[in-house]
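Here is the structure we will look at.
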Amino acid sequence: MKKILFVSLLLLMPVTMSAQEKKDCCKKAANPVVETIMSRTSIRKFKTDTICPEMIETMLRAGMAAPTAMNRQPWHFVVVTNRQKLEEMGGRAKQAPLAIVVCGDFTKTIEGPIGKEFWIQDCSAATENILLAAHSLGLGAVWTSSWPNEERSKNYGKLLGLPDTLMPLCVVAVGFPDESPEPKDKWKPENITFVK
Ligand SMILES: Cc1cc2nc3c(=O)[nH]c(=O)nc-3n(C[C@H](O)[C@H](O)[C@H](O)COP(=O)(O)O)c2cc1C
């Protein structure tokens with residue numbers, strides 16, 4: 000009887016294993032990183048509370064941890080907490096206690112006209128990391144565009160006294176959330192093609 004039980008258990012093993020594997024896979028899908036990604040949403044209304052330097056540094060560290068073509072890190076982050084400057088910047092920054100202006104640093108880009116353009120992808124990856132770090136810290140943030148409107152980017156540069164080699168890509172307005180919108184469900188299977 001014991002032998003039969005042992006053999007049937009052995010036979011069942013692959014089935015149980017695969018169920019377990021499935022379970023593990025689901026657990027992995029529900030890990031804190033994925034949870035942070037899935038629950039992030041743009042926040043456009045902020046409390047007036049200031050953000051401590053440690054939180055700001057965490058967001059900047061996250062930004063600088065982004066992938067970057069040929070590891071050039073062609074970015075520069077301008078941290079604006081000056082109320083008057085925030086007002087002058089307008090848009091969402093006007094209502095936020097902090098704005099991080101993510102800039103491309105043209106002294107660090109890959110050589111050549113094609114290589115140079117990677118700054119946009121590098122700085123976009125850094126921006127998303129900043130948004131996720133902000134959310135994980137209980138802050139709210141929104142990516143507001145500047146590039147590819149060159150004139151608008153240059154105006155930010157002038158306002159903030161940046162050299163011509165620093166090109167603002169976007170302004171991330173950050174603060175403690177004063178609204179709690181539901182994250183949008185953007186899952187659309189029709190946006191996927193599997194090549195098996
Ligand atoms: C390149 C880019 C530019 C954006 N510009 C603005 C903007 O100027 N103002 C704004 O309120 N939100 C802006 N957003 C935020 C989007 O409106 C927002 O991400 C989108 O509606 C999806 O909502 P979610 O972030 O809550 O998922 C921008 C986002 C990206 C990626």
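All letters in the sequence shown, in the order written, are residues 0 to 195 by numbering that gives the first Met the number 0.
For each residue, glycine too, the CB sits at the ideal point set by N, CA and C.
Inter-residue spacing [alpha-carbon to alpha-carbon] between residue i and residue j
i	j	result
P147	N30	35 angstroms
E181	S41	10 angstroms
F105	G139	29 angstroms
G137	F175	7 angstroms
I191	D184	15 angstroms
L161	M37	35 angstroms
D163	L97	23 angstroms
L217	E189	What is shown of the chain runs 0 to 195, which leaves residue 217 out entirely.
L168	A18	46 angstroms
M88	Y155	7 angstroms
A197	E34	Coverage of the chain is limited to positions 0 through 195, which leaves residue 197 absent and any answer about it impossible.
E149	K187	33 angstroms
P66	T126	11 angstroms
Residues that residue i bridges to, as DSSP identifies them
i	result
C169	V101 and S144
V75	With the sequence shown as reference, residue 75 is identified as His, and Val is not the correct amino acid for it. H75 pairs with C102.
P176	F45
G114	In the DSSP output, where bridge partners are listed per residue, G114 has none listed.
Burial state of residue i, where buried means 16 or more other Cβ atoms lie within 10 Å
i	result
I113	exposed
P73	buried
A133	buried
M69	exposed
F45	buried
N81	exposed
P52	exposed
S152	buried
G111	exposed
V194	exposed
T201	Only positions 0 to 195 of the chain appear in the structure, and residue 201 is not among them; the question remains open.
V32	exposed
N-terminal and C-terminal residue of the alpha helix (DSSP H) that residue i is part of
i	result
Q120	F117 to S135
V32	P31 to S38
G156	E149 to L158
P52	P52 to M63
E87	R82 to M88
Own chain residues within Cβ distance below 6 angstroms of residue i, not counting five before or after
i	result
T108	P73, K115 and W118
S135	T35
Near ligand 2: residue i beta-carbon under 8 angstroms from a heavy atom
i	result
T47	You won't find ligand 2 in this model; what it holds is ligand 1.
Proximal residues to residue i (C-beta, below 7 angstroms), its chain only, five neighbours per side dropped
i	result
T47	P96
T57	A132 and L136
8 angstroms CB neighbourhood of residue i in its chain, flanking five on each side removed
i	result
L59	F76, V78, I99 and I129
T178	Note that residue 178 corresponds to Glu in the displayed sequence, not to Thr. Correct list, in chain order: I42, R43, K44 and G139.
G90	T143, V170 and A172
K93	L85 and E86
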